[in-house]
Amino acid sequence: MAKQIFVTGHKNPDTDSICSSIAFAKLQQLKGVDAVAVRAGDINKETAYALDYFHVEAQPLVKDFYVKVGEAVRKDVEALPYSASLKDAAKWFADHDSDVAPVAENGNFVGVLYKSSLAGEFVKTVLGEELSTVKSLVQDAATIFSTSDNGHDVPAEGRYVVVDDGKYVGMVCADCVAAVEKRKVMLVDHNEKKQIIDGIDEAEIISVVDHHRIGGTLATEGPIFILFQPVGCTATIVTSLYEQANIAIPKEIAGLLLSAVISDTVLFRSPTCTQQDRETAEKLAAIAGVDLQAYGMDMLKAGANVSDLTPDQIAQNDMKEFSDGSVTFTISQVQVMDTTDLLEQKQVLLNALEKMRSAKNYAASFLMITSIIDESTNLIFAGNMDAVVGKAFAKDVLDKEVYLPGVMSRKKQIVPQILAALK
């Protein structure tokens with residue numbers, strides 16, 4: 023039976039990433055596809071507001087797509103009883119292609135019996151010496167795996183015992199791991215490998231729906247469904263897919279899609295916003311039964327409250343990695359009604375950015391402090407990129423900061439400019 027398909031947004035998920043993955047998974051379900059939405063990180067305040075408002079539970083967190091030992095373990099390989107005779111042990115080795123036998127007592131793992139030890143015992147029969155018992159030959163296993171371990175850590179040669187909480191589970195080998203069917207994954211709101219849940223190389227990407235640039239070194243095993251559109255939000259694209267399939271959008275899903283459009287376009291203030299985004303939002307608001315402007319401002323205000331976040335959390339808020347092939351940097355963003363309090367903490371935030379930058383060896387780590395009301399951004403950063411920033415925005419950099427009036431979009435007004443300045 024085919025495995026369930028995972029629908030996921032990017033790491034450090036924003037409202038579009040969370041809501042579009044839920045909506046796209048629901049679309050697959052309505053088409054009869056066994057799909058489930060998952061998330062690649064914690065949910066922020068803005069997204070939590072939207073989920074709570076429309077009474078939708080957050081999707082489960084998935085930390086990686088690595089094949090786990092628990093998926094590959096051979097549970098049909100029974101352990102030798104601790105009280106087994108050497109004759110029983112000999113029969114076990116005759117029935118199993120293994121040089122080591124697991125030994126258990128009442129389900130509890132005791133140790134292993136090596137085939138070489140058993141062979142030595144039977145030499146004693148020729149010499150007329152007294153034979154040992156399995157119990158006396160049991161040794162500690164050199165390597166033990168648990169079901170939660172990554173399958174790629176299993177050595178290429180040999181068979182290994184799998185134990186959970188002291189209980190014998192079965193045995194595993196590299197061939198067992200290789201035989202596990204790959205997870206199938208649908209990506210929404212991202213396509214760059216650095217933004218995908220870890221372990222994607224051990225899974226199979228079967229579709230990508232996104233509104234960002236095509237970047238990175240993502241590769242697939244065969245042709246897949248890909249849909250990129252130059253709109254302000256992935257949710258706008260997902261809405262169009264419902265319409266193309268002639269499938270009615272459930273009320274709560276319409277609410278989540280609307281929330282995503284509001285978030286990504288900052289209630290239509292962002293330069294990334296298109297007429298299609300506006301028209302889509304109006305249709306979704308009608309289905310969801312909310313006042314577009316009133317709900318939009320309430321949601322943005324909920325997300326703009328960063329008073330209880332630590333400097334480290336602010337520095338990593340909505341963070342994404344970017345690279346021109348040789349230089350890797352990060353850009354985080356906080357959107358607030360008033361930037362005064364955050365700018366008063368500038369040095370503390372710069373210290374947090376530097377700590378993050380140096381820990382991961384990024385060339386630079388940026389933080390966009392964006393004012394929803396003024397429609398502007400104070401861009402602060404850690405790292406030796408003053409010249410690049412000055413060139414990118416044609417401004418003098420003062421104490422690791424540039425003020426950018428009219429700038430609200432990372433995708434359209436920050437990333438392209440920095441990448442161009444790096445060339």
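With the sequence shown counted from 1, adding 22 to any position gets you our numbering.
No residue lacks a Cβ here, since even glycine has one placed at the ideal position from N, Cα and C.
Just so it is clear, the structure is predicted and the values come from calculations on it, not from any experiment.
- The beta-carbon distance between residue 210 and residue 187, rounded to whole angstroms, is 37 Å. This is too long to meet the 8 Å contact definition.
- Counting other Cβ atoms within 10 Å of its Cβ, residue 36 reaches 16 or more and is therefore classed as buried.
- The Cβ atoms of residue 275 and residue 45 sit closer than 8 Å to each other.
- Ranked by Cα distance from residue 164, the first of 134, 30, 140, 141 is 134.
- Under the three-state reduction of DSSP, residue 128 is assigned to coil, being neither helix nor strand.
- Judged by DSSP in its simplified three-state form, residue 427 adopts strand.
- By the neighbour-count criterion, in which 16 or more other beta carbons inside 10 Å mark a residue as buried, residue 200 falls on the exposed side.
- Scanning the stretch 220-308 from its first residue to its last, the whole alpha helix (DSSP H) runs of 4-plus residues come out as 256-266, 273-287.
- For residue 324, the enclosing alpha helix (DSSP H) stretches over residues 314-326.
- By the beta-carbon neighbour count (other beta carbons within 10 angstroms, threshold 16), residue 105 is exposed.
- Beta-bridge partners of residue 86 (DSSP): 220.
- Within the same chain, Cβ atoms closer than 8 Å to the Cβ of residue 65 are found at 35, 40, 73, 80, the five residues on either side in sequence being excluded.
- Close CB contacts of residue 42 within its chain, under the 6 Å cut and outside five residues either way in sequence, are with 210, 211, 256, 257, 260, 282 (chain order).
- Residue 35 carries a coil assignment under DSSP once its states are collapsed to helix, strand and coil.
- According to the DSSP assignment, residue 377 belongs to the alpha helix (DSSP H) that extends over 368-382.
- Taking all protein chains shown into account, residue 83 has fewer than 16 neighbouring C-beta atoms within 10 Å of its C-beta and is therefore exposed.
- Here residue 420 is exposed: its Cβ has fewer than 16 other Cβ atoms, across all protein chains shown, within 10 Å.
- Judged by their CB atoms, residue 392 and residue 430 are nearer to each other than the 8 Å cut-off.
- For residue 186, the enclosing beta strand (DSSP E) covers residues 182-186.
- Under the three-state reduction of DSSP output, residue 166 falls in the strand class.
- The C-beta distance from residue 328 to residue 336 rounds to 6 Å, short enough to fall under 8 Å.
- Judged by pairs of C-beta atoms under 8 Å, the stretch 222-231 does not touch the stretch 117-124, as fewer than three such pairs exist.
- Residue state for residue 416 is assigned as coil, using DSSP reduced to three classes.
- Residue 383 and residue 377 have their alpha carbons spaced roughly 10 Å apart.
- Under the three-state reduction of DSSP, residue 27 is assigned to strand.
- In the DSSP assignment, residue 60 falls within the beta strand (DSSP E) that extends over 57-60.
- In the DSSP annotation of this structure, residue 336 is not part of any beta strand (DSSP E); the continuous alpha helix (DSSP H) holding it starts and ends at 333-337.
- Around residue 101, the same chain offers 123, 124, 125, 126, 131, 190 as residues with beta carbons nearer than 8 Å, after the five sequence neighbours per side are excluded.
- Residue 170 is classed as exposed because its beta carbon has fewer than 16 other beta carbons within 10 Å across all chains shown.
- Within the same chain, 274 come within 7 Å of residue 77 by CB-CB distance, once the 5 residues on both sides are set aside.
- DSSP places residue 42 in the helix class (H, G or I) of the three-state scheme.
- The straight-line gap separating the alpha-carbon atoms of residue 174 and residue 219 is approximately 17 Å.
- Here residue 192 really is in contact with residue 95; their C-beta atoms are around 4 Å apart, less than 8 Å.
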